[in-house]
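Quick notes on the structure that follows.
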Amino acid sequence: MTIAIILAGLIWAWFQFGLASAVVFTLLAGGLLLVICAYRITAAMILVLSLVVIAMLEHQMRHPLPSAFQHVTQSLTLCIEQVPRQYSDGTQTARARVQAQPESLHLRKIRLWLYPETTNLTLNAGDCFDADVRLRQPIGRLIPGTFNADRYNFAEKIDAYGTVVELSSIAHRPGFQQRLYLTTAEKLGDGLGLDVWAALALGWSRAMSPELKTLLADNQVMHLFVISGMHLAFVLLLVNLLIQWLAYGLAPWLMISRTQRYLLAGLVTTGYVAFLGFPLPVTRALLMFGLPIIGQLSAVRTGPLTLLGWTAVILMLWHPAAWLAIGPWLSFGSVAVIFLILRWRLLQNLPRLWQPILFQVLMTISILPWALSSGFSFNLLSVFSSLVLSGLIGFVGLPMALMMPIVDLTWLHSSWNQAVEWLVSLLTLTANPGLELPYLDSAALFLLVVMAVWAIWRRDTSSILVGAALLCLSILFWGQGGTNRVPSVTVYDVGHGQALLLDTGDDRFLYDTGGRFSPEQSLAEVVLHRVLPPLEGVVISHSDLDHAAGAGFLRGQYPRLPIWSGQRDQIPIKSSTRNCHQQTKLHSAIEVIPVPPSLRGRQDNNQSCVVLITLNHHRLLITGDADKYIEYYLLQTHPHLFPVDVLILGHHGSGSSSAGAFLEANQSAMFLTSSGDRLAPRWPAERIESWFSDQQKTLLNTAKLGTIQLTFYPQRIRVKTWDSAYRNRLIY
19 MTIAIILAGL IWAWFQFGLA SAVVFTLLAG GLLLVICAYR ITAAMILVLS LVVIAMLEHQ
79 MRHPLPSAFQ HVTQSLTLCI EQVPRQYSDG TQTARARVQA QPESLHLRKI RLWLYPETTN
139 LTLNAGDCFD ADVRLRQPIG RLIPGTFNAD RYNFAEKIDA YGTVVELSSI AHRPGFQQRL
199 YLTTAEKLGD GLGLDVWAAL ALGWSRAMSP ELKTLLADNQ VMHLFVISGM HLAFVLLLVN
259 LLIQWLAYGL APWLMISRTQ RYLLAGLVTT GYVAFLGFPL PVTRALLMFG LPIIGQLSAV
319 RTGPLTLLGW TAVILMLWHP AAWLAIGPWL SFGSVAVIFL ILRWRLLQNL PRLWQPILFQ
379 VLMTISILPW ALSSGFSFNL LSVFSSLVLS GLIGFVGLPM ALMMPIVDLT WLHSSWNQAV
439 EWLVSLLTLT ANPGLELPYL DSAALFLLVV MAVWAIWRRD TSSILVGAAL LCLSILFWGQ
499 GGTNRVPSVT VYDVGHGQAL LLDTGDDRFL YDTGGRFSPE QSLAEVVLHR VLPPLEGVVI
559 SHSDLDHAAG AGFLRGQYPR LPIWSGQRDQ IPIKSSTRNC HQQTKLHSAI EVIPVPPSLR
619 GRQDNNQSCV VLITLNHHRL LITGDADKYI EYYLLQTHPH LFPVDVLILG HHGSGSSSAG
679 AFLEANQSAM FLTSSGDRLA PRWPAERIES WFSDQQKTLL NTAKLGTIQL TFYPQRIRVK
739 TWDSAYRNRL IY
């Protein structure tokens, strides 16, 4: 287990801090084991295995799209792996496997977007085509405490994003999984039953409706609706029962020992995994269950946790990048909890009715660290819903799913649809107690995990109770953040858009809400609400969707929250919104600079609220999307304000803002911009990038660094970002 933990830490160190840090981490870990514990063989194994893992990670780095090909159009042959997501405006998006490409590229999979102006064809899983694709690097929004697209893409071998410019020569060449899906899909019709079937046959995809995804996540049952370790365990159990019944029938003529029965069940289950094409989650589960069982049956003198650790090592040598995603951690954590329950006999003296309930409680608690770090919803009723659904899906749903592609029975498909509809209705009732836990940074989370492990390891009642109490108090303390905080400004990485959290030290305000996550949902609803603290007010600079898409959601969440906007008549919540141009002070630290109506009327962008924030004697200026005319006005009528200490570039750094004189007047300032590359490299403008290059000054850009946090101390401003060595290596 020690080797597995060190290798997992090595993989994360390589991704977050780079190759040199990974090598240093390896040498330190091996050296400590050698010097302090005198584990020579273990230290040597760690050194050798670490070098192998590092070499494999470095080899995989040849696949993600190099920066030289950013926004370059290339001719590719692609095959759609999953059902494309269809948006209301005709846009389609799906994951595609790269079949042919130029010799200079080594792409394996890409996330693909097709727009209605390119094709009016509706694509499906298994469609293959030649296309000219405008490529982008596989990096996404980087907001701490939310889904990390960089790690996920690298772990899932998604090497680029692409937009189809021209499509030709379409053919239908489905693989086994696509054929399995299509055979049954046409008999299920459109609806929730088809969504669930697509997840089981093809894995999670964006084709599933956002409402259903959210519902499953809120109930903590997403793992039940995709082929994973739980399904494999039920397959193994069902196969073992069939073999056991067969053994009873053949008992007069043939004796089958327990070991032979287990080995036969393992062979049949392995054949099932091979039949599916050895997908990573199922193969991982097969090894997790298989190696410890084989070790126990072969009388290997080692504990199941040690065997589980060696299983993890084997998987790290097979695909080390997979450990950057959450899936392996959840899977191994669940199996480790099961082994600890068996080892400590926690359920032995309980009534039979309480045993499965306590088991599910422990399994639910085991995901708490990931709920705190990655934005999972923690549902108090998931103990009972998971307990009931696991049995129903394992003994009813899974056999139905296995039968549907084989047996053409109308009642079977209609029963599937009805069962899914009933299930969704039930989950709707149990989703309400879903609890959004506060985001904890890695240091705080590490301390909490150590505290919990200590309490459990002691195994006496008082230690467990004390540990649980300290755990809850710590979560509440970190979540509230306390008073008398150091003032800060957080520029969230919302892609093309803007959202800034202004923390004055005693109150918090949000300037803009970011854009849309999808045509149906705002980014504030899907992502930002997870990391936003309690707010005292919101400023929506103007009505453009990349600034105001989350206004309706925030009003629904906080009905009495003061909201100001420069275009209150143009946003959906105008009746409860105040005009920022009629204000001078929103807070003792937040001043609104009035702009004459004659200048504001030139265009919508000039309606933006211009805000000056003063924090510990440092001044930060936000102009929204206001253009050069507003900047010249500020220079002429408020010369005493300049230079400011921090300047957020107007209009995401486009050429319509950031006049040369305005930049020169703030030459000593720290410059930031909130931008995203969208489909073409338009932000920041070439003129502005040239100015920063000529002046040898740095522009902090969320498109490269992710979320940027400025902390304002009396004598200095501290800059914190959450970018990784992997991200910087790709971009630069």
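In terms of the numbering used here, the sequence shown has 227 at position 209, counting the first letter as 1, and numbering is strictly consecutive. Even for Gly, the Cβ is constructed at its ideal location relative to N, Cα and C.
Open item on the list: Am I right that Val549 and Pro162 are in contact with their C-beta atoms under 8 Å? What's the rounded C-beta distance?
Closed with: 7 Å between Cβ atoms; contact.
TODO: Output yes or no for whether 8 Å exceeds the beta carbon distance between Gly642 and Asp564.
DONE: For Gly642 and Asp564, no; Cβs fall outside 8 Å.
Task: CB-CB length for Ile558 against Ser583, believed under 8 Å - done: Indeed, because the Cβ distance is near 4 Å, the residues count as touching under 8 Å.
Task: Helix, strand or coil at His514 according to DSSP, with G and I counted as helix - done: Looking at His514 - three-state DSSP - the assignment turns out to be coil, as it is neither helix nor strand.
Open item on the list: Only counting the same chain, and skipping five residues up and downstream in sequence, which positions put a Cβ closer than 8 Å to that of Ala189?
Closed with: Cβ within range, chain order: Asp145, Cys146, Phe147.
TODO: Assign Met422 to one of three DSSP states: helix, strand, or coil.
DONE: Of the three classes helix, strand and coil, the one that applies to Met422 here is coil, per DSSP.
TODO: Check whether the Cβ atoms of Gly180 and Asp168 sit closer than 8 Å, and answer yes or no.
DONE: Not in contact: Gly180 and Asp168 (Cβ atoms no closer than 8 Å).
Task: Start-to-end residues for the alpha helix (DSSP H) that takes in Val737 - done: Note, Val737: premise wrong, no alpha helix (DSSP H); beta strand (DSSP E) at 735-739.
TODO: Write down every uninterrupted run of the alpha helix (DSSP H) in the region 316-342 whose length is 4 residues or greater and which is fully enclosed by it, in chain order.
DONE: Segments of the alpha helix (DSSP H) lying fully in the region 316-342: 322-336.
Task: Beta-bridge partners of His658, as assigned by DSSP - done: Answer is none; His658 lacks a bridge partner.
TODO: Look at the Cβ atom of Leu250, then the Cβ atom of Leu304, and state whether they are nearer than 8 Å.
DONE: Taking 8 Å as the Cβ cut-off, Leu250 and Leu304 qualify as a contacting pair.
Task: Start-to-end residues for the alpha helix (DSSP H) that takes in Asn172 - done: It should be noted that the sequence gives Phe, not Asn, for residue 172. Taken as a continuous stretch (DSSP letters only), the alpha helix (DSSP H) holding Phe172 covers 167-173.
Task: Same chain only: Cβ atoms within 8 Å of Tyr650, ignoring 5 sequence neighbours per side - done: Hits under 8 Å: Ala677, Ala679, Phe680.
Task: Rounded Cβ spacing between Val353 and Leu25 (contact assumed at less than 8 Å) - done: Distance from Val353 to Leu25 at the Cβ level is roughly 17 Å; contact not present, criterion being Cβ atoms closer than 8 Å.
- [ ] Report all residues from its chain with a CB closer than 7 Å to the CB of Thr301; omit the five preceding and five following residues, and keep chain order.
- [x] Exclusion of the five residues before and after Thr301 leaves Val291 as the residues of its chain whose Cβ lies within less than 7 Å of its Cβ.
Open item on the list: Check for me: the beta strand (DSSP E) holding Ile631 runs from which residue to which?
Closed with: Here the beta strand (DSSP E) through Ile631 covers 629-633.
Open item on the list: For Leu553 and Ala517, what's the separation of their Cα atoms in angstroms?
Closed with: If you take the alpha carbons of Leu553 and Ala517, they lie about 13 Å apart.
Open item on the list: Let's test the definition: count the other Cβ atoms within 10 Å of the Cβ of Trp440 and tell me whether it reaches 16, buried, or not, exposed.
Closed with: Around the beta carbon of Trp440, a 10 Å sphere encloses fewer than 16 other beta carbons of the protein chains shown; the residue is thus reported as exposed.
TODO: Note down, in chain order, each residue of its chain lying with its Cβ closer than 7 Å to the Cβ of Pro505, except the 5 sequence neighbours on either side.
DONE: Residues of the same chain with a CB within less than 7 Å of the CB of Pro505, apart from the 5 flanking positions on each side, are Asp521, Thr522, Gly523, Leu633, Asn634, Phe730 in chain order.
Open item on the list: Please classify His670 as buried or exposed, where buried requires at least 16 neighbouring CB atoms within 10 angstroms.
Closed with: By the 16-neighbour rule on beta-carbons within 10 angstroms, His670 is buried.
- [ ] Given a cut-off of 8 Å, decide if Leu75 and Ala339 are closer than it, judged by their beta-carbon atoms.
- [x] Closer than 8 Å, so yes.
TODO: Give the straight-line distance between the Cα atoms of Gly513 and Leu399, rounded to the nearest whole angstrom.
DONE: Rounded to the nearest angstrom, the two C-alpha atoms are 35 Å apart.
Open item on the list: Just to confirm before moving on: does the CB-CB distance between Ala683 and Phe710 stay below 8 Å?
Closed with: Contact flag unset, no.
Open item on the list: Give me the residue from Thr691, Leu259, Gln539 with the minimum Cα distance to Leu572.
Closed with: Taking each of Thr691, Leu259, Gln539 in turn and checking the Cα distance to Leu572, the smallest one comes out for Gln539.
- [ ] Report the option in Ser561, Glu704, Pro580 whose CA atom is closest to the CA atom of Gly555.
- [x] The residue with the shortest Cα to Cα distance from Gly555 is Pro580.
Task: Residue range of the unbroken alpha helix (DSSP H) whose run includes Glu184 - done: Taken as a continuous stretch (DSSP letters only), Glu184 belongs to no alpha helix (DSSP H), being part of the beta strand (DSSP E) at 176-190.
Task: Stretch-stretch touch, CB-based, cutoff 8 Å, three pairs: the region 104-118 with the region 86-96 - done: Verdict: yes, contact present.
- [ ] Kindly provide the ranges of any alpha helix (DSSP H) runs that are 4 or more residues long and lie completely inside the region 209-278, ordered along the chain.
- [x] Correct list: 210-220, 228-236, 247-268.
Open item on the list: In the DSSP output, what is Ala118 paired with across the bridge?
Closed with: Under DSSP, Ala118 forms a beta bridge with Thr95.
TODO: Name the one or two DSSP bridge partners that Cys146 has.
DONE: According to DSSP, Cys146 bridges with Cys97, Ala189.
Open item on the list: What does the Cβ neighbour count give for Tyr529, buried or exposed, with the cut at 16 atoms within 10 Å?
Closed with: By the Cβ-count criterion, Tyr529 is buried, with 16 or more other Cβ atoms from all chains shown falling within 10 Å of its own Cβ.
- [ ] Determine the direct distance from the alpha carbon of Val257 to that of Val286, and round the result to whole angstroms.
- [x] Approximately 7 Å, taken between the alpha carbons.
Open item on the list: Tell me which residues share the same chain as Trp753 and place their Cβ nearer than 8 Å to its Cβ, disregarding the 5 neighbours each side in the sequence.
Closed with: Given a span of 19 to 750 for the chain in the structure shown, any question on residue 753 remains unanswerable.
Open item on the list: Starting from His124, trace the beta strand (DSSP E) in both directions and tell me its first and last residue.
Closed with: Counting along the chain, no beta strand (DSSP E) covers His124, and no H or E run does either.
- [ ] Count the CB pairs spanning the region 190-209 and the region 420-436 that are closer than 8 Å, and state whether there are at least three.
- [x] A contact exists between the region 190-209 and the region 420-436.
Open item on the list: I need the straight-line Cα distance from Ile589 to Asn597, nearest angstrom please.
Closed with: If I take the Cα positions, the gap works out to 12 Å.
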